[in-house]
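Notes for the one structure printed next.
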Amino acid sequence: MHLLPHPPPLCFRQQKIFFCSLFFSLLYVFCALTAEGENNFEGIESKFSLRTPADPDEDVCYLVPGQVNSLAQCNFNHTSKTFVVIHGWTVTGMYESWVPKLVDALYKREPDSNVIVVDWLVRAQQHYPVSAAYTRLVGKDVATFIDWLEEEFNYPLNNLHLLGYSLGAHAAGIAGNLTKKKVNRITGLDPAGPTFEYADELTRLSPDDAQFVDVLHTYTRGSPDRSIGIQKPVGHIDIYPNGGGFQPGCNLGEALRLIAEKGFGDVDQLVKCSHERSIHLFIDSLLNEEKPSMAYRCNTKEAFEKGLCLSCRKNRCNNLGYKVNRVRTKRNTKMYLKTRAQMPYKVFHYQVKIHFFGKTNMTKTDQPFLISLYGTLDESENIAFTLPEVSSNKTFSFLIYTEVDIGDLLMLKLQWEKDTFFSWSDWWTPFTFDIQRIRVKSGETQKKVVFCSRDGTSRLGKGEEAAIFVKCSEQPINRKRGGTKKASKENSAHESA
Ligand SMILES: *[C@@H]1O[C@H](CO)[C@@H](O)[C@H](O)[C@H]1NC(C)=O
Ligand SMILES: *[C@@H]1O[C@H](CO)[C@@H](O)[C@H](O)[C@H]1NC(C)=O
Ligand SMILES: *[C@@H]1O[C@H](CO)[C@@H](O)[C@H](O)[C@H]1NC(C)=O
Ligand SMILES: *[C@@H]1O[C@H](CO)[C@@H](O)[C@H](O)[C@H]1NC(C)=O
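For the sequence shown, the residue numbers in mature numbering (1 follows the signal peptide of the UniProt record, and there is no 0) are -37 to -1, 1 to 460.
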């Protein structure tokens, strides 16, 4: 502040007021935290609204810890599952529009369940650091409520699933850590990053907080201390859709299109687009059961982009969202997938491996290609991708994906595009590679297909026509009929590449 040469007096005063109110708010949180009591229902400020399938967007009935009648009054079903939805920070002090959508989707999938929305709106509309510090009190409220359900009504915590968004994810984690018995599951929907990235496990969501903790990371762009969503894995399974940084359909162009269509009212929505995508991905998993998105374990985003992680062996792949397989490994498991820009988000992932034969030594970087896949059910043409490097006599592996369910693959076309800018070197050096085989592995079906050039070898020239490859006639038969030793050797070399 003192770095500003001549602060306008009014602005300066406003900032003082801001920091002053921030100080007192934090002081209040601190005092409230040090005055924690045992099972004191009086101190609970969060409200527990049992929503109904008929009225998913209204708070019509509250479950009140300590008031036994409230459960019967709200028609709480003691034998079915309970979902507890915890919202995050709010600028407006109102529920965001995703709340009724998630409630509705939960009831559509589990009609007999109890869907409870935790209302901590008053604490959630403070300055961010104040609201962030309040997650501890909200978590404590939720834990007291859960202990009460368990002790008073013998409600099995095995039926309890907490879902927390942003700051709500950490509140859920704290709740899970404070309950006397462990809750069944916590789903963290893009848990908040600021003030939590470097926090210890007690003050944020962590795998200890429930029998099973699954997390979606959708807006983790920028340096760790700037990222809206927490970057490090905090559950048993941490899924990073589209790398976790930023989501498709949330870019500026999309924002402008939406503004043109809907006006400026939804600007707030656009800012949070990637952050909130975590919720919509979960809703997708509830509503579109027949189109489950698969995520794949991978050590790095870069390895995933090369298509190296599409294996399902030993629990390496999993369903995103509601029907996740509970895989509890000792270390955190990072998983990746690509998605569409709208619901249903599912895409089909393929690893493509190509060996580029070249007579001369040649290396080119950032080369644009188009690939078309044809299968038993459908086709997907001109999928664009860029290879960071292509060089003679080397094998390259990369990931492509498509929204279309192609079925079993039959044919493939590959085209090497001209650079978008005019390049003299393109003009006088004919860049060509020879390709004999292309290997494709499907993530969703785990099937592998080898494509062969129809003429034994196809020439792929930059800026020229597409080369066509068809499914090779059955490899084992080929080999039996005297496929040369050289060919099978080369096969196994590719297999291990
Ligand atoms: C409570 O849920 C169970 C299933 O968990 C269902 O069979 C039963 O009909 C529900 N009871 C009421 C009163 O809705
Ligand atoms: C709470 O979290 C701490 C730290 O992660 C862990 O050691 C402890 O076992 C947890 N307690 C419960 C009841 O889950
Ligand atoms: C690439 O390999 C082929 C045979 O496999 C060979 O004829 C050619 O000279 C090699 N190219 C380079 C640049 O070494
Ligand atoms: C290509 O380069 C490699 C090493 O860079 C060299 O060993 C090889 O002889 C070269 N091949 C040709 C055909 O120039």
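Idealized CB from N, CA, C, for every residue including glycine.
### Task
Enumerate in chain order the residues of its own chain whose CB-to-CB distance from P347 is below 6 Å, with the five nearest sequence positions on each side excluded.
Reading the sequence shown from its first residue, position 384 is the one you call residue 347. Before going on, a small fix: residue 347 reads as Ala here, not Pro. For A347, where only same-chain residues beyond five positions count, the Cβ hits under 6 Å are L333.
### Query
By how many angstroms is the C-alpha of D247 removed from the C-alpha of F319?
For this step, residue 319 is matched to residue 356 along the sequence shown. For this step, residue 247 is matched to residue 284 along the sequence shown. Straight-line Cα distance between these residues: approximately 40 Å.
### Task
Whole angstroms is fine: what's the gap from L273's alpha carbon to L84's?
What you label residue 273 is simply residue 310 of the sequence shown in a count that begins at 1. What you label residue 84 is simply residue 121 of the sequence shown in a count that begins at 1. If you draw a straight line from the Cα of L273 to the Cα of L84, it is about 42 Å long.
### Task
Tell me whether H312 sits in a helix, a strand or coil according to DSSP, three-state version.
The count along the sequence shown starts at 1 and reaches residue 312 at position 349. H312: strand per DSSP, three-state reduction.
### Query
What does S421 pair with, by DSSP beta-bridge criteria?
For the purposes of this step, residue 421 is identified with residue 458 of the sequence shown, where counting begins at 1. According to DSSP, which records beta bridges pairwise, S421 is partnered with I398.
#### Entry: ligand 3 heavy atom lying under 8 Å from the CB of T420
The residue labelled residue 420 in the question sits at position 457 within the sequence shown. Relative to ligand 3, the beta carbon of T420 is positioned no closer than 8 Å to any heavy atom.
### Query
Which residues have their C-beta within less than 6 Å of a heavy atom of ligand 3, listed in chain order?
F320, G321, K322, T323, N324, S355, N356
### Query
Is it the case that the Cβ atoms of T15 and V27 are separated by a distance below 9 Å?
Position 52 of the sequence shown, counting from 1, holds the residue named residue 15. Position 64 of the sequence shown, counting from 1, holds the residue named residue 27. No, the pair does not count as a contact, with Cβ atoms beyond the cut-off.
### Query
Roughly how many angstroms separate the alpha carbons of L65 and K103, rounded to a whole number?
Here residue 65 refers to the residue found at position 102 when the sequence shown is read from its first residue. Here residue 103 refers to the residue found at position 140 when the sequence shown is read from its first residue. So the two alpha carbons sit approximately 23 Å from each other.
### Query
How big is the Cα-Cα spacing for M306 and L125?
Indexing the sequence shown from 1 puts residue 306 at position 343. Indexing the sequence shown from 1 puts residue 125 at position 162. Going by the C-alpha atoms only, they are around 23 Å apart.
### Query
Taking the alpha carbon of G192 as the point to measure from, which residue in T183, P19, N288, G198 has its own alpha carbon closest?
Position 229 of the sequence shown, counted from the start, is the residue given in the question as residue 192. Looking at the Cα atoms, T183 is the closest of the given residues.
### Task
Check whether the Cβ of N281 lies closer than 8 Å to any heavy atom of ligand 1, and answer yes or no.
On the sequence shown, residue 281 is found 318 positions in, with the first residue counted as 1. No; taking the cut-off as 8 Å, the Cβ of N281 has no heavy atom of ligand 1 nearer than that.
### Task
Check the C-beta distance from G406 over to Y308 and give it rounded, since I have them as a contact under 8 Å.
On the sequence shown, residue 406 is found 443 positions in, with the first residue counted as 1. On the sequence shown, residue 308 is found 345 positions in, with the first residue counted as 1. With a Cβ gap of about 15 Å, G406 and Y308 do not count as contacting.
### Task
Assuming V412 and Y364 form a contact by the criterion Cβ under 8 Å, report the distance between their Cβ atoms to the nearest whole angstrom.
One-based indexing of the sequence shown puts residue 412 at position 449. One-based indexing of the sequence shown puts residue 364 at position 401. Contact doesn't hold; Cβ gap of about 16 Å is too wide.
### Query
Within 8 Å: the Cβ of S43 and any heavy atom of ligand 1?
Counting from 1 along the sequence shown, the entry for residue 43 is found at position 80. Yes.
### Task
Alpha carbon to alpha carbon, how far is I7 from E(-2)? Give it in angstroms, no decimals.
In the sequence shown, counting from the first residue as 1, residue -2 sits at position 36. In the sequence shown, counting from the first residue as 1, residue 7 sits at position 44. In this prediction, E(-2) scores a pLDDT of 45, lower than 50, which makes its location untrustworthy; no coordinate-derived value is stated.
### Spatially closest choice to E5 from L13, F108, T328, by CA coordinates
Translated into the one-based positions of the sequence shown, residue 5 becomes position 42. Comparing Cα positions, the closest option is F108.
### Message
I want to check one thing, is the minimum distance from the CB of D75 to the heavy atoms of ligand 1 below 8 Å?
### Response
Within the sequence shown, the letter at position 112 stands for residue 75. Yes - ligand 1 has a heavy atom lying nearer than 8 Å to the Cβ of D75.
### Nonlocal neighbours in the same chain, by C-beta distance under 7 Å from T158, ignoring five residues either side
Working through the sequence shown from its first residue, we reach residue 158 at position 195. Only P92, A95 meet the Cβ criterion.
### Message
According to DSSP, is E344 part of a helix, a strand, or is it coil?
### Response
In the sequence shown, counting from the first residue as 1, residue 344 sits at position 381. DSSP places E344 in strand when its eight states are reduced to three.
### Task
Within 10 angstroms of the Cβ of T181, are there 16 or more other Cβ atoms? Answer buried if so, exposed if not.
Residue mapping note: residue 181 aligns to position 218 of the sequence shown, counting from 1. With 16 or more Cβ atoms within 10 Å of its Cβ, T181 is classed as buried.
### M57, buried or exposed, once every other Cβ within 10 Å from all chains shown has been counted against 16
Mapped onto the sequence shown, residue 57 falls at position 94. Exposed.
### Query
Nearest-angstrom Cα distance between V80 and L13?
Taking the first residue of the sequence shown as position 1, residue 80 is located at position 117. Taking the first residue of the sequence shown as position 1, residue 13 is located at position 50. The straight-line gap from Cα to Cα measures roughly 7 Å.
### Message
Is the separation between the beta-carbon of T358 and that of K301 shorter than 9 Å?
### Response
Residue 358 sits at position 395 when you count from the first residue of the sequence shown. Residue 301 sits at position 338 when you count from the first residue of the sequence shown. With a cutoff of 9 Å on beta-carbon distance, T358 and K301 are scored as not near each other.
### Task
Please go through the same chain and pick out, in chain order, the residues whose beta-carbon is closer than 8 Å to the beta-carbon of F394, but skip the five residues on each side of it.
Translated into the one-based positions of the sequence shown, residue 394 becomes position 431. The residues are M325, K327, W379, G424, K425.
### Query
Under 9 Å, do A138 and A87 count as touching if we go by C-beta distance?
Against the sequence shown, residue 138 aligns to sequence position 175. Against the sequence shown, residue 87 aligns to sequence position 124. At least 9 Å separates the beta-carbon of A138 from that of A87.
### Task
Report yes if the C-beta distance between L283 and L179 is below 9 Å; otherwise report no.
On the sequence shown, residue 283 is found 320 positions in, with the first residue counted as 1. On the sequence shown, residue 179 is found 216 positions in, with the first residue counted as 1. Result yes, Cβ atoms of L283 and L179 sit closer than 9 Å.
### Task
Please list, in chain order, all residues of the same chain as W72 whose beta carbon is under 6 Å from its beta carbon, the five residues on each side excluded.
If you number the sequence shown from 1, residue 72 lands on position 109. Strictly speaking, residue 72 in this sequence is Arg, with Trp absent from that position. The residues are L249.
#### Entry: Limits of the unbroken alpha helix (DSSP H) element including G102
For the purposes of this step, residue 102 is identified with residue 139 of the sequence shown, where counting begins at 1. 91 to 116 is the extent of the alpha helix (DSSP H) around G102.
### Query
How about N38: is its Cβ closer than 8 Å to a heavy atom in ligand 1?
One-based indexing of the sequence shown puts residue 38 at position 75. Indeed, a heavy atom of ligand 1 lies less than 8 Å from the Cβ.
### Task
Taking H238 as the reference, give the member of D177, V287, D153, D20 with the closest Cα.
Within the sequence shown, residue 238 is the residue found at index 275, counting from 1. Nearest of D177, V287, D153, D20 to H238, Cα basis: D153.
### Query
Between N147, V146, N32, L100, which lies nearest to E115 when the distance is taken from Cα to Cα?
Taking the first residue of the sequence shown as position 1, residue 115 is located at position 152. Ranking N147, V146, N32, L100 by Cα distance to E115 puts N32 first.
#### Entry: Rounded straight-line distance, which links the Cα of L271 to that of S360
Mapped onto the sequence shown, residue 360 falls at position 397. Mapped onto the sequence shown, residue 271 falls at position 308. Distance between the alpha carbons of S360 and L271 is about 7 Å.
### Message
Just to confirm before moving on: does the CB-CB distance between V146 and L130 stay below 9 Å?
### Response
Within the sequence shown, residue 146 is the residue found at index 183, counting from 1. Within the sequence shown, residue 130 is the residue found at index 167, counting from 1. Inclusion of V146 and L130 in the CB contact set at 9 Å is not warranted, their separation being larger than that value.
### Distance CB(I369)-CB(N281) smaller than 9 Å
Residue mapping note: residue 369 aligns to position 406 of the sequence shown, counting from 1. Residue mapping note: residue 281 aligns to position 318 of the sequence shown, counting from 1. No, these two residues do not count as a Cβ contact at 9 Å.
### Task
Within 10 angstroms of the Cβ of Q89, are there 16 or more other Cβ atoms? Answer buried if so, exposed if not.
Along the sequence shown, one-based indexing puts residue 89 at 126. Buried, because 16 or more other Cβ atoms sit within 10 Å of the Cβ of Q89.
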